[in-house]
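Each remark here refers to the structure printed beneath this line.
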Amino acid sequence: MLYLKSLELHGFKSFPEKTVLNFGAGATVIVGPNGSGKSNITDAMRWVLGELSTKNIRGSKMEDVIFVGADGRRPMSFAEVSVTFDDSEEPRKLNSPYTEITVTRRYYRSGDSEYYINRKPVRLRDINELFMNTGIGRDGYSIIGQGRIAEIISKKNEDRRSIFEETAGISKYRYRKHESEKKLSETEANMLRVRDILTELESRVGPMEKAAQKARRFLELFAVKKEADVSLFLWDMAKKRDESARLAEAIALSTHELEMIEDTESQLDAMSERLFAASEDNKAAESKLYGEIKAKRNLLHALENEYKLLENNAGHGRDTALKDEAASVMYKETVASEEENCERFITAAQTAEKKLGEIEAEIGVLADERDVLREKRAAAETALETALAEQRQLEAARADIDVRLGVIENSGIEDQGRSGDIAGELEGYRKEALRAEENRDNAADSIASFEKEINEAEGECARLRSEIATLDSEIENTLRKSAAASSECEGLRSRIAALKRIEEHFEGYQSSVRFVMGQAGKTLSGIHGPISQLIKAEPEHATAIEIAMGGGLQNIIVDDENASKAAMAALKRAGAGRATFSPITTMKASTRSRELEAASKDAGFVGFADELVRCDDRYRGIVSYYLGRTAVFDNIDNATVAAKRSGWKIRTVTLDGQQTNSGGSFTGGSVKQGSGFLTRAGQIDKLEGELRSAEKKYETVQNEVDELREKRGACASDMAAYDEKCALMRALMRSEQAAFDEAEAKLGVTLSLIEKLEKDAESLGESEKQRAEERAGLERERIALTEKIDDIAQKRLETDSQKYDCDTRMEQIAESVNGLMISAAETRRDIEAANASLEDSRARMEDARSRSEEYAASAEKLRADADMAEKIASEKKSEASAVERDIADMEEKRASLETGGLDYEKKIRELQSRTREVASKKELVYKAHSKNENRYEGLTSDIEKMTTRLWDEYELTVTAAAELGYPEVTEENRAEIAATLNETKNQIKALGQVNVDAIEEYAELKERYDHVKTQMDDLEKSKDELFGIISAIEEEMKRMFVEAFHKINKNFGEVFRELFGGGSAELSLTDPEDVLNCGIEISAAPPGKMIKNLSLLSGGEQAFIAIALLFALIKVNPSPFCIFDEIEAALDEVNVTRVANYMHRVAAELQIIMITHRRGTMEIADTLYGVTMPSHGISKVFTLDVGSVSRQEFMKEHLDS
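Printed below as a string of structure tokens:
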């Protein structure tokens, strides 16, 4: 059974200090003067249980619940209320694992709101669900605020339903119905979306199926075409290779002579490269110096702008300072004026306070006289009441004697017929007792059966709750893994994007290269790109290739010599520097020397540099030109041995970047790892591989999360089903318990009647003798009583006259006091007005003083800032002069570098002249074998083109094509196979556009269509199930509401008659066919009245009817506690006493907390709290120890004033 233990307020309305009220069993009464903050306790209880309407807690906005401050107390930043319940006893235990429940609500001025249960954060929804169907909560009937009691009957018929539904226990079912309807709406929305998807997929399945059939036909024809084409290719390839072999033998004879010339060319190339590198370094230094000069000029411009701006700001600051000084003087004058106003308001307030003292003294004199008269009147009234009570007692005694005499006369007659009736009644009651006992036993068996089912369902709920907790922990751990995997993916993506941006923006390249690549595809055509972006090497070979290529990695590959000339012209026009271009049409690979071939057999040989590079076949000649005469070794020692053996005629490079050159020179040292162009491309490939692995890991973890969430959803669904079963079983058990209690009560009453009738039968025989003796004694008593009654009536007349004189004088005093009180109130208003004006004047004075000081300080600061700005401007001017001198020095250095560059160009031209002489000699040698070489190259080109076409069309090498085992082509069948090939090509062309991926796309689309169709079927099934659940909930709600409504109606009539001392009251439904939505009408007729409309009743009668209805609700579904805030305020003293006596009986079974001003209510208290406001705006609570002081003393001390 839920039990209210305490209520704690901190910062709530007028309770800034932490205030705790402890509640015990029985009735607790809270009293205090008007405006002391008593009703704030009711508001706090309603607020902590989830009230969201500020109107219901007597506010205009939610911030009003926070203490706003008072004299000497600052406003608080939050309000907090906690209520504690003991939930350790059955029955009607809450659905909570705790035996003690503390609900806390905290609200901040920022608008943030927090809810806690046992100091653990929860949602408002959790609190509402916890107290659903208990009568507690914002929609319950356990808390009736100030002035709200009559609203119970004054509301519209439809608006009264909430408290009836709470009493009937169907609030939770209505909430579940709302949740099911919400799920139904979501299901229907999902069905709409899935139906749209299904329609879209249906429109695509047919066309995609046709495309798949077309793709299959294409693949069949392609296989026939491939067989004919590859067979013809192999026959043509064999012919060309035979002729190529014959030409190769002729060319070999002239190769030896060319090798000697190539050695000379190699030496000239090396010298050319060194000169070119030195020239490029000179240009780079010149370019760098130019950039520094430009930066210095920008700095100079910035400094000039800064000191001009500072000089302008200094002038503006001094002007503003003059304006602020004038404003400061103006506000000082305002301060003097307001000081005079303050003196005038103080004098007015003192005069009014003196007048108020005189009025209060006069009221005191009259009050003393009134107190004396009250004592006299009270004494007279007491005497009258005593005499009246004695007279009524005597008259009642005389009337009783008359009745008893009549009864004695009649009892003799009645006893004669009574004896026969008793026997018949005994037989009927004994049969009724047997039926009641049988009904009680049947109900007990049903209750035991329901308890067993409830225990089993609760066991399953506990198991599922534990399983859900385990799954929640696993989901949390898996989500952490998912977050880590996602973070890893994002990190890899960022690194890849950064490297790709570097590549796309050609960072690290010469400015001339960046310029050409920027114009490629715009003003320049035939540009392929830098060699570094068109070749690839394994990570272990990248350093060696980068060293071997050197600056050549930035050489730009173009289509032909025309593209080279166009690009050079563009560079010249733009003044963007120089670049080296490698036309595909002019650069060819040369044959390796004997010394270089011999080096391949030396220790540590890794490979020829051009063979360690991957590139498009179009660029193979250029790559071989740059790298074909370079051998790669594992270390410098092995490279040195090989170079020495060749007579220092070969060029070598090691894997760590050390180099030997033709002629015997060495180049080497440290190499920064990972900074080269080729290394950068390798890093991108490596990181993309790591990213694919990380994404796969992330996808695996996400699948685990989905599986765990699906398991948890299934467990939660099962637990909800068991919860609903428990609720249904408890409802059925309550019904059987009610039947058991009814049968038990009926059996007890019947057995008592049987016992009484048996005793009556025994006593009939002895009655006649006693009646004669009793009649004589009663007649003597009646004569004596009549004499006493006459004496008392005479005394009452004399006392009543004295009381009338006292009443007349007290009315005259009351009129005088009222007049004086009005004068006092007017004088107080004058004092308050003077004080308010004084405070306003003081506020204006302080504001003016503050503004005057602010403007004075601002003027002083502005002058200081202006001085500082002028100082800084002077410094900036000096700094600008220094920068101008630096620019002059740098221009001299730039002129020197420009002269050096001209010298390098002269030397390069001389070297180029020597190179042309060697080339002329080489050309004479080539004339001897050019015819064979050109033919050989033509055949080689044809073979390469045929090989490329074979790969491009079928992704086959020559070896792989031969291994296919297609029929061999002969001179006889070649024409027939060629005809088959042409016919197949025409058939493929006739098919038109073919999407080969359509076969796989159709399979995926069909699979998705089937999946979506299954989803649609599942949603329709879920929709039908939800309709069934809603229907079952509505039926149970109807049954429970009708059953509870009949009980409430019955109790309403009984409580009404008990409180009113008669009359009749009834409840009815506006539409019995729609019990869950119709309104509820209230009919009531106090004794001696016929009322058709409740609005015709007085305010007190309406409140009395509402109280009767409230107690009728409580009898059906007792709330653990009730808080009533002045619900009896509209009643007279007699009816207050009736309500108080009724509440005193009810308090034996539930806790009642009453906030009141009425003495009759105070007298039933088991615990009394007093609320006072010793300081304006701050409430204090104190407790009365009922055992140490009487209630009358407490009320006299704290309430009479």
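Under this note's numbering, residue 1871 is the last one in the sequence shown; the count climbs by one each step, no gaps.
Note that beta-carbon positions come from the ideal geometry of N, C-alpha and C, so glycine has one too.
Exposed or buried, which one is methionine 1389 when buried takes at least 16 other CB atoms within 10 Å? buried
Thinking just about the alpha-carbon of each residue, which of Thr698, Ile736 and Val701 is nearest to the one in histidine 680? Ranking Thr698, Ile736 and Val701 by Cα distance to histidine 680 puts Ile736 first.
Would a C-beta distance cut-off of 9 Å place threonine 689 and valine 1851 closer than the cut-off? yes
Can a CB atom of chain C be found closer than 9 Å to the CB of alanine 1660? Among the chains in the structure shown there is no chain C, since it carries only a single protein chain.
So, is histidine 1198 buried or exposed, given that buried needs 16 or more other C-beta atoms within 10 angstroms? buried
Of the listed residues Ala1773, Ile1071, Leu1064 and Ala1237, nearest to glycine 1447 (C-alpha basis): Ile1071
What residue does the alpha helix (DSSP H) around serine 783 start on, and which one ends it? Unbroken run through serine 783 is the beta strand (DSSP E), 783-787; no alpha helix (DSSP H).
Three-state secondary structure (DSSP) at asparagine 1305? coil
Closer than 8 Å is the cut-off here; do at least three beta carbon pairs connect the segment 1248-1258 with the segment 1305-1325? no
Measure the beta-carbon distance from leucine 862 to arginine 1678 and round it to whole angstroms, keeping in mind my assumption that it falls under 8 Å. Not confirmed; about 19 Å, so no contact.
If contacts are defined as beta-carbon pairs under 8 Å, then alanine 1249 and glutamine 1180 qualify, I think. What distance do you get, rounded to the angstrom? Between alanine 1249 and glutamine 1180 a beta carbon distance of about 7 Å is seen, short of the 8 Å cut, so the two are scored as contacting.
Using the Cα positions of glutamate 976 and alanine 991, report the straight-line distance between them to the nearest angstrom. 22 Å
In three-state terms, what does DSSP make of threonine 712? If DSSP states are grouped into helix, strand and coil, threonine 712 belongs with the helices.
Buried or exposed by the 16-neighbour rule on C-beta atoms within 10 Å, applied to serine 684: Using a 10 angstroms sphere on the CB of serine 684, the tally of other CB atoms reaches 16 or more, which defines it as buried.
Runs of 4 residues minimum, wholly inside the segment 970-1028: which ones carry the alpha helix (DSSP H) assignment? Those alpha helix (DSSP H) runs which fall completely within the segment 970-1028 and span 4+ residues do not exist here.
Is the number of C-beta pairs between the segment 1314-1330 and the segment 1203-1217 that are closer than 8 Å three or more? Result yes; three or more Cβ-Cβ pairs closer than 8 Å.
At what residues does the beta strand (DSSP E) containing lysine 675 begin and finish? 673-680
Can you give me the C-alpha to C-alpha distance between arginine 1014 and glutamine 1020, rounded to a whole angstrom? 10 Å
Quick check on DSSP: helix, strand or coil for aspartate 1461? helix
What does the Cβ neighbour count give for alanine 714, buried or exposed, with the cut at 16 atoms within 10 Å? buried
Take arginine 775 as the anchor and find which of Ser832, Glu1751, Glu1126 and Trp717 has the nearest alpha-carbon. Trp717
Just to confirm my understanding: we take histidine 1846, look at its own chain, exclude 5 residues before and 5 after, and list those with CB closer than 7 Å. What are they? The beta carbon of histidine 1846 sits closer than 7 Å to those of Ala740 and Asp741, all from its chain and outside the five residues before and after it, given in chain order.
For a test of the three-state rule: what should DSSP assign to alanine 1246, helix, strand or coil? coil
Neighbour-count burial assignment, glycine 705, 16 or more Cβ in a 10 Å radius: Looking at its Cβ environment, which holds fewer than 16 other Cβ atoms inside 10 Å, glycine 705 is exposed.
What do you get for lysine 964, buried or exposed, if any count of 16 or more other CB atoms within 10 angstroms of its CB means buried? exposed
Should leucine 1104 and isoleucine 1424 be called a contact, given that it needs their Cβ atoms to be closer than 9 Å? no
In chain order, what residues of the same chain have a beta carbon less than 7 Å from the beta carbon of glutamate 1128, not counting five sequence neighbours either side? Within the same chain, glutamate 1128 has close Cβ partners Cys1396.
Which whole runs of the beta strand (DSSP E) in the segment 1790-1840 are 3 residues long or more, in chain order? 1791-1795 and 1821-1825
If you reduce the DSSP assignment to three classes, tell me which class glutamine 1862 lands in. Model confidence at glutamine 1862 stands at a pLDDT of 47, short of 50, so the residue's coordinates are unreliable; what they give is reported in the following sentence. In this structure, glutamine 1862 counts as helix in the three-state DSSP scheme.
Using the Cα positions of leucine 1241 and glutamine 1189, report the straight-line distance between them to the nearest angstrom. Computed Cα separation, rounded: 10 Å.
Quick check: the segment 1534-1551 against the segment 994-1004, are there 3 or more CB pairs under 8 Å? Remark: fewer than three beta-carbon pairs, one from each stretch, lie closer than 8 Å, so the segment 1534-1551 and the segment 994-1004 are not flagged as touching.
In the DSSP assignment, the beta strand (DSSP E) including alanine 1754 goes from what residue to what residue? 1750-1755
Strand pairing of leucine 1739, partner residues [DSSP]: Ile1750
Can you tell me whether DSSP reads valine 1293 as helix, strand or coil? helix
Tell me which same chain residues have a C-beta within less than 6 Å of the C-beta of isoleucine 1823, skipping the five on either side of it? Thr698 and Ile1793
Given that a residue counts as buried once 16 or more other Cβ atoms are within 10 Å of its Cβ, and exposed if not, what is leucine 1634? exposed
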